[in-house]
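Everything in the sequence shown is counted per our numbering, starting at 12 for the first residue and increasing by one. The structure under discussion appears below in the form of structure tokens.
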Amino acid sequence: MSIWEYANPKKFIATTTPWVPVLLWGSIAILAVGLVWGFFFTPDDFRQGSTVKIFYIHVPSALMAINAWFMMLVASLIWLIRRHHVSALAARAAAPIGVVMTLIALFTGAVWGQPMWGTWWAWDPRLTSFLILFLFYLGYIALWEAIEDPDTAADLTSVLCIVGSVFAVLSRYAVNFWNQGLHQPASLSLDKEENVADVFWYPALVCIAGFVLLFIALVLMRTATEIRARRIRALEARTRS
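Laid out in structure tokens, this is it:
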């Protein structure tokens, strides 16, 4: 069985619909465990005090904001190469979720940064590139809404997604590219020497897992909604003609 079989809208909906509640409730349970563990059963940081605990929301949301765009990039490339409508609709479905994740990351970053840096905002390389990524999200959504023909909209938004991916990379690696700015280096990495202490690391991983499952559940649910909406528009067009 090929993965491309799921490009069939009916098969996609039939396969994913039973998994949505499982993933959704699973993500809620995992997030509850991770957040309670992080907020109530970890110590205050010796420098940042209790403010460090916003880490359990800020870092997962920032990771998902960036990776949501990369998921949109992959789906957009599939559309451009293979012309599978489900992939284009999946990219469209992920965009509002990415916007929310980016907003959460920007807001929690400001709340975390104010007592640490003495300001709510600074034109730091990572913060600035993250703000630009947020604007790309808004532009992507607006472009979908502005173009009536769905295939043309999918083509143009796919190109925009490719361009915006540059800023998704910058928002992830800006601190590494420019050795300046207020934002700290990555708190979590595959290099264990760069990670936070284990007492913070383990609940953070649980929170990240919860955010990932939540993102998958919402994308599957919204993609099915987009497929149904496309069918309704097609039926309405036939009725008018």
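Each residue gets a CB set at the ideal place from its N, CA and C atoms; glycine is no exception. In this text, all values refer to a predicted model and were calculated from it rather than measured experimentally.
In terms of alpha-carbon separation, which member of Val31, Ser72 and Gly150 lies closest to isoleucine 115? On the sequence shown, position 104 is the one that residue 115 refers to. Nearest Cα to isoleucine 115 within the set Val31, Ser72 and Gly150: Ser72.
Proximal residues to valine 210 (C-beta, below 7 Å), its chain only, five neighbours per side dropped: In the sequence shown, counting from the first residue as 1, residue 210 sits at position 199. Thr53 and Pro54.
Under 8 Å, do phenylalanine 141 and glycine 175 count as touching if we go by C-beta distance? The count along the sequence shown starts at 1 and reaches residue 141 at position 130. The count along the sequence shown starts at 1 and reaches residue 175 at position 164. Contact: no.
Which residue's Cα is closest to the Cα of serine 61: Leu117, Val122, Trp80 and Ala25? Taking the first residue of the sequence shown as position 1, residue 61 is located at position 50. With distances taken between Cα atoms, serine 61 lies closest to Val122.
Rounded straight-line distance, which links the Cα of isoleucine 24 to that of methionine 127: For the purposes of this step, residue 127 is identified with residue 116 of the sequence shown, where counting begins at 1. For the purposes of this step, residue 24 is identified with residue 13 of the sequence shown, where counting begins at 1. Looking at the two C-alpha atoms, the distance is approximately 46 Å.
Quick check: the region 103 to 114 against the region 63 to 83, are at least 3 beta-carbon pairs closer than 8 Å? yes
Measure the CB-CB distance between alanine 215 and valine 70 and report whether it falls below 8 Å. The count along the sequence shown starts at 1 and reaches residue 215 at position 204. The count along the sequence shown starts at 1 and reaches residue 70 at position 59. Result yes, Cβ atoms of alanine 215 and valine 70 sit closer than 8 Å.
Relative to the C-alpha of tryptophan 15, which residue among Thr28, Leu35, Trp90 and Phe66 is closest? Walking along the sequence shown from the start, residue 15 turns up at place 4. When each option's Cα is compared against that of tryptophan 15, the closest is Trp90.
Let me confirm a value: arginine 217 is counted as buried when at least 16 other C-beta atoms fall within 10 Å, else exposed. Which label applies? Looking up residue 217 in the sequence shown gives position 206. Just to set this straight, residue 217 is valine in the shown sequence, not arginine. It counts as buried.
Aspartate 202 classed as buried or exposed, judged by whether at least 16 other C-beta atoms fall within 10 angstroms: Position 191 of the sequence shown, counted from the first residue, corresponds to residue 202. Below a pLDDT of 50, predicted positions are generally treated as unreliable, and aspartate 202, at 49, falls in that range; the measurement from the model is reported next regardless. Aspartate 202 comes out exposed.
By how many angstroms is the C-alpha of threonine 163 removed from the C-alpha of alanine 235? Taking the sequence shown and counting its residues from 1, the one referred to as residue 235 is at position 224. Taking the sequence shown and counting its residues from 1, the one referred to as residue 163 is at position 152. Approximately 20 Å, taken between the alpha carbons.
Please report the straight-line C-alpha distance between leucine 225 and leucine 46, rounded to a whole angstrom. Taking the sequence shown and counting its residues from 1, the one referred to as residue 225 is at position 214. Taking the sequence shown and counting its residues from 1, the one referred to as residue 46 is at position 35. Cα-Cα distance, rounded: 14 Å.
CA nearest to the CA of alanine 102, picked from Asp166, Leu35 and Ala248: Start at 1 with the first residue of the sequence shown, and residue 102 comes out as number 91. Closest by alpha carbon: Asp166.
Have a look at isoleucine 227 and serine 38 and give me their C-alpha separation to the nearest angstrom. As a first step, residue 227 must be located in the sequence shown, where it is residue number 216. As a first step, residue 38 must be located in the sequence shown, where it is residue number 27. Looking at the two C-alpha atoms, the distance is approximately 9 Å.
Using a 10 Å radius around the Cβ and a threshold of 16 neighbouring Cβ atoms, would you call threonine 28 buried or exposed? Start at 1 with the first residue of the sequence shown, and residue 28 comes out as number 17. Exposed.
What are the start and end residues of the alpha helix (DSSP H) that includes glycine 45? The count along the sequence shown starts at 1 and reaches residue 45 at position 34. Here the alpha helix (DSSP H) through glycine 45 covers 30 to 51.
Using the rule of at least 16 other Cβ atoms within 10 Å of the residue's Cβ for burial, across every protein chain shown, is glycine 254 buried or exposed? Outside the shown range of the chain, which is 12 to 252, sits residue 254, and nothing can be said about it.
Residue span of the alpha helix (DSSP H) that contains tyrosine 17, given as start and end: By one-based count along the sequence shown, residue 17 stands at place 6. Per DSSP, tyrosine 17 belongs to no alpha helix (DSSP H) and is neither H nor E.
Who are the Cβ neighbours of arginine 93 in its own chain at under 8 Å, not counting the five residues just before and after it? Against the sequence shown, residue 93 aligns to sequence position 82. Taken in chain order, the residues that qualify are Trp15 and Ala18.
Counted within 10 angstroms of its Cβ, other Cβ atoms place arginine 137 as buried (16 or more) or exposed: To locate residue 137, count along the sequence shown from 1; it is residue 126. That one is buried.
Does DSSP put serine 169 in a helix, a strand or coil? The residue you call residue 169 lines up with position 158 of the sequence shown. In the three-state DSSP reduction, serine 169 falls in the helix class (H, G or I).
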